[in-house]
Amino acid sequence: SQTIHQWPATLVQPVGSPLSLECTVEGTSNPNLYWYRQAAGRGLQLLFYSVGIGQISSEVPQNLSASRPQDRQFILSSKKLLLSDSGFYLCAFDRPVITDTQYFGPGTRLTVL
Amino acid sequence: AQSVTQLDSHVSVSEGTPVLLRCNYSSSYSPSLFWYVQHPNKGLQLLLKYTSAATLVKGINGFEAEFKKSETSFHLTKPSAHMSDAAEYFCVVRGGSYIPTFGRGTSLIVHP
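Just so you know, the sequences run in chain order A and B.
Using the numbering used here, the first residue of the first sequence is number 1, and each one after it goes up by one.
Using the numbering used here, the first residue of the second sequence is number 114, and each one after it goes up by one.
Rendered as structure tokens:
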């Protein structure tokens, strides 16, 4: 069966520090991968999506970046965190051609102080 | 183009009473429609999905949704609310666009 993992589950970082969040998918190959952010009390904002290794599309300008070094690994990074980067980060995947259903990871709660 | 509107940001019900969460959509294609549930500090869990096989879709935990093309609606219902249903619910449309579009969410509050 397919599973999606995210780590860490929670993270508290000072302003200006770097960030690396990781997402991995098991049980499938060639997934589409997505990063979303939820600010407190708000809906989902799509940050990045990827249709293959090294292929990243950015939906909003920001100080975050994403990379896909392996087929089932998706990384969200920042060189210098801002207070406004605080939020709940969700990774998701779907399987092109097979299904249009997205499946979500458990999320990472990021607090920037 | 596609869009989705969740008509209520908050819905409050008493335990044991019916639940209705409203969703309207627009799409240039014949879309797939989804409802997801999110409990606090958790990921989104798929409740149900419509893909044109049947207009009444049954999901997990006793939820169901009815696709009404003439009204461009996909409302989520449950006959009897349980305390554990308290959560955020998201309606999602995915048509010709590669990327799904999420509603802003409806917070379901269940009173004992």
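Ideal Cβ positions, reconstructed from N, Cα and C, are used throughout, including at glycine.
Given the structure is predicted, the values throughout are model-derived calculations rather than measurements.
query: With a cut-off of 8 Å on the beta carbons, I'd call Arg119(A) and Thr28(A) a contact; round off their distance for me.; result: Because chain A here runs from 1 to 113, residue 119(A) falls outside it and cannot be looked at.
query: In chain order, what residues of the same chain lie with their CB nearer than 7 Å to the CB of Phe187(B), ignoring the 5 residues before and after it?; result: Cys136, Tyr138, Leu146, Tyr163, Ala178, Phe180, Cys204
query: Just grab the DSSP bridge partners of Ser197(B) for me.; result: For Ser197(B), which the question treats as bridged, DSSP gives no partner whatsoever.
query: Check each candidate in Asp85(A), Gly105(A), Arg42(A), Gly52(A) and name the one with the smallest Cα separation from Val12(A).; result: Asp85(A)
query: If you reduce the DSSP assignment to three classes, tell me which class Asp85(A) lands in.; result: helix
query: Quick one: residues in its chain with C-beta nearer than 6 Å to the C-beta of Arg109(A), no 5 flanking neighbours on either side, listed in chain order?; result: Thr10, Phe88
query: Helix, strand or coil: how does DSSP classify Asn30(A) here?; result: coil
query: Tell me whether the region 186-202 of chain B and the region 117-136 of chain B touch, counting them as touching only if at least three CB pairs, one residue from each stretch, are closer than 8 Å.; result: yes
query: Could you tell me which uninterrupted beta strand (DSSP E) segments, each at least 3 residues in length, are contained entirely in the region 60-109 of chain A, listed from first to last along the chain?; result: 64-70, 73-78, 87-94
query: Determine, for Gly107(A), whether the minimum Cβ-Cβ distance to residues of chain B falls below 9 Å.; result: yes
query: With which residues is Tyr211(B) paired in a DSSP beta bridge?; result: Partner(s): none; Tyr211(B) has no beta bridge.
query: Determine, using beta carbons only, whether Pro14(A) and Ser78(A) come nearer to each other than 9 Å.; result: no
query: Confirm, please, whether the CB-CB distance from Thr219(B) to Gln119(B) is below 9 Å.; result: yes
query: Considering only C-alpha positions, which residue in the set Arg42(A), Ile4(A), Ile75(A), Phe104(A) is nearest to Gly216(B)?; result: Arg42(A)
query: Gly52(A) bridges to which residues according to DSSP?; result: Gln55(A)
query: So that I know if they touch, is there some Cβ in chain B lying closer than 9 Å to that of Asp100(A)?; result: yes
query: Give the secondary structure of Asn174(B) by DSSP, where H, G and I count as helix, E and B as strand, and everything else as coil.; result: helix
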